[in-house]
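Each position in the sequence shown, counted from 1, maps to that position plus 3 in UniProt numbering.
Ideal placement from N, C-alpha and C gives every residue a C-beta, glycine not left out.
This report concerns only the one structure given below.
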Amino acid sequence: LVFLGIESSCDDTAAAVVTAGRQILSSVVAGQGNLHADFGGVVPEIAARAHAEKLDLCVEEALTKAGLTLARLDGVAVTAGPGLIGGVMAGVMLAKGIAAGTGLPLVGVNHLAGHALTPQLTDGIGFPYVMLLVSGGHCQFLRVEGSDYFTRLGGTIDDAPGEAFDKLARLLGLPQPGGPSVEAEAAQGDAARFDLPRPLLDRPGFDMSFSGLKTAALRQRDALVAAQGGLYERDRADLCAGFQAAVSDLLAGKAARVLAAHPAPVLAVAGGVAANRTIRDALETVAQQAGVRFVAPPLALCTDNAAMIAWAGIQRFRAGQQDDLSLIARPRWPLDQSAAPMLGAGK
Ligand code: ATP
Ligand code: FE
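Printed below as a string of structure tokens:
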């Protein structure tokens with residue numbers, strides 16, 4: 004089986020060709036980075052228009068790089084949600100057009116299922132496994148029981164860590180995306196200088212909170228600015244180090260609780276924040292202490308991409324599920340709601 008995958012739910016336009024044998028024949032990701040630079044965040048209308056402009060080219064490039072024509076494919080998988088509705092619609096419309104024009108099966112995929120099934124694609128792990136999905140828009144622990152069977156164990160009750168990193172970077176005058184800039188600063192800093200909170204860490208349960216931590220870091224910044232008229236290089240590095248250490252403690256602390264309560268052979272991570280070395284190392288240590296294998300896909304497959312969508316589509320298709328031209332784009336779509344039925348799924 005060979006599937007084309009299409010992804011356009013946030014600010015990356017992506018297309019990929021993947022086989023059921025876990026081969027990624029091509030994976031093209033076109034970001035929109037500077038299109039939104041002046042606005043301090045992704046602007047939905049701008050994103051949708053850019054997706055509409057770029058999708059065709061991405062698909063063409065993915066097919067060319069894979070050395071295949073549409074006629075050689077076995078299906079088309081597309082992110083049908085959750086995400087910014089204009090972008091998701093642009094992808095779904097293109098996928099429908101391809102399916103209608105070629106007669107290829109069409110499979111709608113939940114974007115989060117794409118992230119959650121990535122460790123299977125990259126490392127060939129079996130079910131079940133525990134997954135921490137931690138990105139700019141999401142933060143949750145999942146127990147993955149099957150390719151269409153996810154149990155959400157807990158997650159952030161406010162911000163996602165990625166957006167907190169981005170916000171902190173913005174307020175410290177560091178470049179976006181914030182995660183890598185904060186990590187670079189943190190490498191020079193003293194994580195112990197500022198006393199930052201670890202909300203909910205000692206509470207039972209698997210929910211997490213990051214907004215209090217963000218606010219506390221900003222208060223420290225404001226106090227420094229008030230006291231000395233600005234920030235020294237040193238202050239910035241120490242704040243970044245403290246913040247990163249707190250996020251790392253929160254994620255690792257909760258991961259340890261999750262593994263204790265829901266034993267599984269593997270702890271997997273995905274999402275852009277999983278690129279952070281300190282966070283990755285802390286999670287790996289937790290897995291080792293629990294006697295569990297740790298799997299972290301390569302960065303390019305941790306962040307948004309279409310290979311994961313093609314892969315998740317292949318899994319749905321193998322399970323006998325596919326969609327027809329009534330497939331709709333869904334702005335919200337919780338993962339532990341079954342991926343099927345897609346039809347009339349406006350609820
Ligand atoms: P989602 O996938 O949830 O829809 P997204 O597109 O923002 O949202 P990703 O592309 O997976 O998510 O990740 C981007 C986020 O990851 C950004 O918030 C970015 O700051 C963060 N990030 C990237 N690298 C690092 C890093 N080294 N340390 C911490 N955070 C990072
Ligand atoms: Fe994503």
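For a cut-off of 8 Å, the C-beta gap from G157 to G275 is around 20 Å, too long to register as a contact.
For D252, the enclosing alpha helix (DSSP H) covers residues E236 to A264. Rounded to the nearest angstrom, the Cβ distance from A83 to R333 is 6 Å, consistent with a contact under 8 Å. Positions of the alpha helix (DSSP H) runs, each at least 4 residues long and wholly inside the region 104 to 178, are given as 114 to 126 and 164 to 174 in order along the chain. Per DSSP, reduced to three states, the secondary structure at V295 is coil, with no helix or strand assignment. Between I282 and D210 a beta carbon distance of about 18 Å is seen, past the 8 Å cut, so the two are scored as non-contacting. By the Cβ neighbour-count rule, Y235 is exposed, with fewer than 16 other Cβ atoms within 10 Å of its own. Counting C-beta atoms within 10 angstroms of its own C-beta, Q26 has fewer than 16 neighbours from the protein chains shown and is therefore classed as exposed. Cβ-Cβ separation between V185 and Q247: approximately 6 Å, consistent with a contact (criterion under 8 Å). When only Cα atoms are considered, A315 and A267 end up about 21 Å apart. Residue state for D326 is assigned as strand, using DSSP reduced to three classes. Residue environment analysis places E56 among the exposed positions, since fewer than 16 neighbouring C-beta atoms fall within 10 angstroms of its C-beta. Comparing alpha-carbon positions, the option among R224, A102, A187 and L28 lying closest to L328 turns out to be A102.
Contact between L242 and L175 holds: CB atoms are separated by about 7 Å, below the 8 Å threshold. By the Cβ neighbour-count rule, V228 is exposed, with fewer than 16 other Cβ atoms within 10 Å of its own. As computed with DSSP, M211 is found in a beta bridge with T159. Here DSSP, grouped into helix, strand and coil, assigns S184 to helix.
The residue among G86, D59 and P85 with its C-alpha nearest the C-alpha of L73 is D59. Around the beta carbon of Q35, 16 or more other beta carbons lie within 10 angstroms, which makes this residue buried. Per the Cβ contact rule, the region 83 to 93 is in contact with the region 101 to 115 (3 or more Cβ pairs under 8 Å).
Just measuring C-alpha positions, the residue of I88, G90 and L97 sitting nearest E63 is L97.
No residue range can be given for G24, since it is assigned to no beta strand (DSSP E) and is classified by DSSP as neither H nor E.
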